[in-house]
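Just below is one structure, and these are the notes that go with it.
There are 2 protein chains.
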Amino acid sequence: MRVGGIEGGGTKFVCAIGTGPDDIEAEVRFPTTTPEETLRNAIEFFSSQERPVDRIGIASFGPLDLNPESPRFGFISQTPKVGWPNTDVRGTISRALDVPVWIDTDTNAPALAEHKWGALQGLDTCLYITVGTGIGGGGLVGGKLMHGLVHPEMGHMRIPHDKAVDPFEGACPFHKDCWEGLAAGPAIEARWKCRGENLPDEHPAWALEARYLAFALQNLILTLSPQRIVVGGGVMDRAHLFPMVRQEVVSLLNAYVRSPAILEGIDTLIVPPALGNRAGVLGGIALAQAELVGPVGLV
Amino acid sequence: MRVGGIEGGGTKFVCAIGTGPDDIEAEVRFPTTTPEETLRNAIEFFSSQERPVDRIGIASFGPLDLNPESPRFGFISQTPKVGWPNTDVRGTISRALDVPVWIDTDTNAPALAEHKWGALQGLDTCLYITVGTGIGGGGLVGGKLMHGLVHPEMGHMRIPHDKAVDPFEGACPFHKDCWEGLAAGPAIEARWKCRGENLPDEHPAWALEARYLAFALQNLILTLSPQRIVVGGGVMDRAHLFPMVRQEVVSLLNAYVRSPAILEGIDTLIVPPALGNRAGVLGGIALAQAELVGPVGLV
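So the protein lines, in turn, are chains A and B. Following the numbering used here, the numbering of the first sequence begins with 473 at its first residue and continues without gaps. Following the numbering used here, the numbering of the second sequence begins with 473 at its first residue and continues without gaps.
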């Protein structure tokens, strides 16, 4: 079976054909512009290959309608991204290439890729968090990708914000000082008037960032009891954040959850992605490869 | 098949035999004292019946070891409750009565009962939260009870706490102003120097309580995307809290999650328990009845 993967991001699309991280035979990247042009570029990539693909999986930005009984299944529903609300991503690709297409969020699909090939192998309850221009999260619970009423939007959870320490009001257009509003890349830049990558390791920005990340990761640990959390995204390229975040999480939990995985094993509980920035497109491939799935792309 | 259920709470135990909420043939309640006396009382109830039970399910306070591969599977692990750490609840009952015993938390088991007979029927991702002397939560995700590394301890998540509005420092011995530390019954009493049940409906305590509950429920909605959340426990006997909490949740989410279930259906998204305070012992019965389970009591 020949499988294609698409990472449909808000700023760029990546399309690839292959079977896994060590076997990608073709790949293309292009910027996300209008839905028409962007999806046409994706279709042209696959249709210009010598041999057609049998299936495609898409890791898409959202929010998505993932209810297989909905007439808008596989659509991007509402999004502030101009032109993209109500775009039938799945149907457009599927009809143009005449192949079955699986779709899931740009956090669930990378979680599946990390589960199949990366840092989440063998675990049944595990999360993939991305901290970049926004914050998002997905994962598997009890061995199944997280869906529910819609799908998780973890980046918008509320966390403590001590305005005496950090008077920045928050950058989220919906909630101001939710997790994303306090800790995503744009929040760092707006607070410190400097892009995060230009702030030195010893800048106080990072202790504050680690604390906000730790508040949210602690909430996820208490809510879902994950066996491991992968934290990726551009902000986490600052590797010195990992030990700071882990220490804060242990400190905040204060030995309430008496699991050795937390008390002694925090270094392997909160980890960077093993697949780096390829988890998205590999997530698309993993979705399309998933065995025993219905037409909905659920595992 | 004749099934018994046990609600093992921190203050009282309830044991029952029956098939569901409308068919309980025998029931007993007694206070939780030492593990020896309390478990002996439970064993005597079942062994004094004319006919033995074939299976028992236990909804137990915790934290519990629910890893079926652990030598301490079915033990209460650590608990501040004197005498109870390292108590083999499941094994003690199972050996004394020579029956298979299923065990899960005192929030997962009630979630299963509400799923089988109550407010969560037909849903695959749904939560049961209890707000009483503590705050806890469990539920089903993708049709399976929530486990993971340990089990959820949602009551200890961190939420915003504006000390200018509410200078109370919080009552949780581990985290001070976590959700439980701000919003469980003892926090209400410590803050207002008055037990919650003696505070009139128009007292400002309730607007503050609704806000703390809404912060946490909003976080659960964003993290898990549940199709419904049952909120029970002694504090929620104040029915006027429900409309206040629902309104706060909608206001906090600020139309970010554009699901009709939230925008128009919040009255059926956040609901009181249908089984009232019987969800615990019925949860034990539901655990023992569960089909296709292994020796671990997972569904």
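The C-beta atom is built at its ideal place from N, Cα and C for all residues, glycine as well. The model shown is predicted, which means the values in this text are computed figures rather than measured ones.
Boundaries (first-last residue) of the beta strand (DSSP E) holding residue i
i: serine 532 of chain A; result: 527 to 532
i: threonine 602 of chain B; result: 598 to 603
Contact set between residue i and chain B, taken where Cβ atoms lie within less than 9 Å
i: glutamate 625 of chain A; result: Ile693, Leu694, Thr695, Ser697, Tyr728 and Val729
i: phenylalanine 646 of chain A; result: Leu725, Asn726, Ala727 and Tyr728
Per-residue contacts from residue i into chain A (C-beta, under 8 Å)
i: tryptophan 619 of chain B; result: It should be pointed out that residue 619 of chain B corresponds to histidine in this sequence rather than to tryptophan. By Cβ distance, chain A contributes Thr597, Gly614 and Ser697.
i: isoleucine 575 of chain B; result: Within chain A, no residue comes near isoleucine 575 of chain B; the closest Cβ sits about 16 Å away, beyond 8 Å.
i: histidine 587 of chain B; result: Ordered by position in chain A, no residue passes the 8 Å Cβ test against histidine 587 of chain B, which lies about 14 Å from the chain.
i: histidine 675 of chain B; result: None at all; the shortest Cβ gap to chain A is about 24 Å.
Coil, strand or helix - residue i by DSSP
i: tryptophan 556 of chain A; result: coil
i: glycine 704 of chain A; result: strand
i: aspartate 495 of chain B; result: strand
i: glycine 614 of chain A; result: coil
i: aspartate 576 of chain A; result: strand
i: arginine 730 of chain A; result: coil
i: lysine 588 of chain B; result: helix
i: aspartate 709 of chain A; result: helix
i: valine 622 of chain A; result: coil
i: glutamate 516 of chain A; result: helix
i: glutamine 521 of chain A; result: coil
i: alanine 762 of chain B; result: coil
i: alanine 636 of chain B; result: coil
i: glycine 737 of chain B; result: coil
i: arginine 474 of chain A; result: coil
i: proline 582 of chain B; result: helix
i: leucine 770 of chain B; result: Its pLDDT being 38, under 50, leucine 770 of chain B is placed unreliably by the model, and the measurement read from it follows with that caveat. In the structure shown, leucine 770 of chain B sits in coil (DSSP, three-state: anything other than H, G, I, E or B).
Outcome for residue i when other beta-carbon atoms lying within 10 angstroms are tallied against a minimum of 16
i: methionine 473 of chain B; result: exposed
i: arginine 512 of chain B; result: exposed
i: lysine 786 of chain A; result: No statement about residue 786 of chain A is possible, as the shown extent of chain A runs from 473 to 771 and does not include it.
i: valine 637 of chain B; result: exposed
i: alanine 585 of chain B; result: buried
i: aspartate 537 of chain A; result: buried
i: leucine 735 of chain B; result: exposed
i: asparagine 691 of chain B; result: buried
i: glutamate 652 of chain B; result: buried
i: glutamine 773 of chain A; result: Past the edges of chain A, shown from 473 to 771, lies residue 773 of chain A, and the structure says nothing about it.
i: aspartate 495 of chain A; result: exposed
i: aspartate 634 of chain B; result: exposed
Proximal chain B residues relative to residue i, where beta-carbon distance stays under 8 Å
i: alanine 733 of chain A; result: Leu621
i: arginine 630 of chain A; result: Ile631, Pro632, Phe687, Gln690, Asn691 and Leu724
i: serine 549 of chain A; result: Arg730
Residue span of the alpha helix (DSSP H) that contains residue i, given as start and end
i: threonine 505 of chain A; result: First-last for threonine 505 of chain A: undefined, no H or E at that position.
i: arginine 567 of chain B; result: 561 to 569
i: leucine 671 of chain A; result: That residue, leucine 671 of chain A, is in no alpha helix (DSSP H); it is neither H nor E in DSSP.
i: glutamate 720 of chain A; result: 713 to 725
i: glutamine 690 of chain A; result: 676 to 696
i: proline 658 of chain A; result: 657 to 664
i: leucine 595 of chain A; result: Per DSSP, leucine 595 of chain A belongs to no alpha helix (DSSP H) and is neither H nor E.
Residue i: contacting residues in chain A (beta-carbon distance under 7 Å)
i: methionine 716 of chain B; result: Going along chain A, no residue has its Cβ under 7 Å from methionine 716 of chain B, so there is no contact; the nearest lies around 17 Å.
According to DSSP, residues forming a beta bridge with residue i
i: glutamate 479 of chain A; result: A/Val486 and A/Ala531
i: leucine 536 of chain A; result: A/Ile548
i: isoleucine 607 of chain B; result: B/Val603
i: lysine 648 of chain B; result: B/Cys644
i: valine 743 of chain A; result: A/Val702
i: arginine 630 of chain B; result: B/Cys650
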